[in-house]
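Accompanying notes for the structure given below.
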Amino acid sequence: MQDNQFDLTGKVAVVTGASRGLGQYLGRALARAGADLVITSRKLGDLTPFKEEIEALGRRALPLELDLRDEASIRAMAPKAIKHYGKIDVLVNNAGCNVRKPAVDITWEDWNLVLDTNLRGSFFVAQAFAPHMIANGYGRVINIGSVTSVFGYAGIGPYCASRGGIKQLTMSLADEWGVHGITVNCLAPGWFKTKQNAVLYENPEWVEYLKDRIPLKRPGQPNDLNGAIVFLASDASAYITGQTLLVDGGISTGAIRATTAKK
Ligand SMILES: NC(=O)c1ccc[n+]([C@@H]2O[C@H](COP(=O)([O-])OP(=O)(O)OC[C@H]3O[C@@H](n4cnc5c(N)ncnc54)[C@H](OP(=O)(O)O)[C@@H]3O)[C@@H](O)[C@H]2O)c1
């Protein structure tokens, strides 16, 4: 057994949606623990600053284009990643989106956008890497879920459906791929201010309400996911699969409004 089970030196991790936000928090943590990265965005140019940051840490970073709503894009990305490094050890299915509207106003297109991106997209990215991981007898798939994987919030129905689905998908893939040495877990962050939800944080009343509902009394900060992502990507979690790990300051002990509108 290696001395430091959390060491990712020599491992290669794919992080989808690494042009900003949580994808960068997660990628940075993995690189600091020793991993080389594949980073994705719909726009290659948006990955340049992060690629440079990872290289400054002494790690390698391969930027690749990926649109989760486009099957051909998913099928093209995985072979490029595998060919470049010769192997992929870790997949972090992070890219995703949200639509905040009352359920009665959700359109067919809103539903498709969120479910296609968050749930269908994550499944097919995992599927694209699975034959390679199966052949290697090793893999760590980490699906990014949310508190909404385990709780339902008003105003984000499709998102909650997609994140609940991610939790169930995680368990199904864990059951199917465990025999091949692949673990599949769900990392479920609580509330982190990013582009996806920044508009909510413009309302001080809502921010106070949010903080009040979080037992640790603050939203998540960029480094708050570091321990969990490195743990799930490393040999330290070798006997853990199919699980959902909430990193949420404890908010999953209670409930919150997910929009600024009062009920
Ligand atoms: N922020 C939170 O509090 C929070 C909490 C729990 C879970 N999450 C989840 O964590 C993930 C990252 O969230 P975030 O807050 O960092 O959001 P963000 O700042 O909006 O970033 C979303 C990322 O996903 C990528 N993306 C969006 N649609 C895509 C598509 N169709 N194809 C490929 N990539 C796509 C974006 O890449 P490009 O636009 O560059 O293509 C971007 O890099 C999401 O899945 C989100 O649901 C967030």
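In this text, residue positions in the sequence shown follow the working numbering: the first is 1198, and each later residue adds one. Even for Gly, the Cβ is constructed at its ideal location relative to N, Cα and C. From a predicted model like this one, the values you see are computed outputs, not experimental measurements.
Local Cβ density within 10 Å of residue i, reported as buried at 16 or more and exposed below that
| i | result |
| --- | --- |
| Asn1201 | exposed |
| Ile1426 | buried |
| Gly1451 | exposed |
| Trp1305 | exposed |
| Ala1269 | exposed |
| Asn1291 | buried |
| Ala1371 | buried |
| Ala1253 | exposed |
| Ile1236 | buried |
| Ile1437 | exposed |
| Ala1435 | exposed |
| Ser1369 | exposed |
| Gly1447 | exposed |
| Pro1328 | exposed |
| Arg1360 | buried |
| Leu1413 | exposed |
Minimum Cβ-Cβ distance from residue i to chain D less than 8 Å
| i | result |
| --- | --- |
| Trp1388 | Reference to chain D is not applicable here, since this structure consists of a single protein chain. |
Enclosing beta strand (DSSP E) for residue i [first to last residue]
| i | result |
| --- | --- |
| Ser1270 | No beta strand (DSSP E) contains Ser1270, which is instead part of the alpha helix (DSSP H) from 1268-1282. |
| Asn1290 | 1287-1290 |
For residue i: DSSP bridge partner residues
| i | result |
| --- | --- |
| Ile1379 | Gly1336 |
| Pro1260 | Ile1236 |
| Ile1303 | Per DSSP, none; premise fails for Ile1303. |
| Thr1438 | Answer by DSSP bridge pairing: none, since Thr1438 is not bridged. |
| Gly1417 | Phe1389 |
| Leu1384 | Ile1341, Leu1442 |
| Ala1210 | Leu1234, Val1287 |
Endpoints, alpha helix (DSSP H) assigned at residue i
| i | result |
| --- | --- |
| Ala1455 | Here Ala1455 belongs to no alpha helix (DSSP H), and DSSP marks it neither H nor E. |
| Val1404 | 1401-1410 |
| Ala1215 | Where Ala1215 is concerned, there is no enclosing alpha helix (DSSP H), given that its DSSP letter is neither H nor E. |
| Ser1369 | 1354-1374 |
| Leu1429 | 1423-1430 |
| Lys1248 | 1245-1253 |
Spatially closest choice to residue i from the options, by CA coordinates
| i | options | result |
| --- | --- | --- |
| Gln1440 | Thr1456, Lys1390, Leu1366, Ala1300 | Leu1366 |
| Lys1240 | Phe1247, Ser1369, Leu1261, Gln1221 | Leu1261 |
| Val1289 | Asp1313, Gly1318, Ala1351, Trp1308 | Gly1318 |
| Ala1232 | Arg1257, Gly1214, Glu1249 | Arg1257 |
| Thr1391 | Leu1407, Gly1378, Tyr1406, Gln1418 | Gln1418 |
| Cys1383 | Val1338, Thr1314, Arg1266, Asp1286 | Val1338 |
| Asn1347 | Ile1303, Leu1219, Gly1362, Gly1293 | In the sequence on display, residue 1347 carries Val and not Asn. With distances taken between Cα atoms, Val1347 lies closest to Gly1362. |
| Val1209 | Glu1402, Ser1238, Ala1275 | Ala1275 |
| Thr1213 | Gly1446, Pro1386, Leu1263 | Leu1263 |
| Asn1423 | Ala1278, Pro1386, Trp1403, Ser1359 | Pro1386 |
| Glu1250 | Ala1226, Leu1265, Thr1457, Val1404 | Ala1226 |
| Gly1378 | Ala1332, Ser1216, Val1396 | Ala1332 |
| Ala1455 | Ile1353, Pro1412, Asp1286 | Ile1353 |
| Lys1364 | Ser1238, Leu1265, Gly1342 | Gly1342 |
| Lys1298 | Ala1351, Val1404, Trp1388, Gly1207 | Ala1351 |
| Pro1246 | Arg1272, Ala1215, Ala1228, Leu1219 | Ala1215 |
| Tyr1540 | Lys1408, Tyr1406, Gly1207, Val1396 | Any property of residue 1540 remains undetermined from this structure, which presents the chain solely from 1198 to 1460. |
Check: residue i C-beta below 7 Å from any heavy atom of ligand 3
| i | result |
| --- | --- |
| Gly1218 | Among the ligands present in this structure, namely ligand 1, ligand 3 is not found. |
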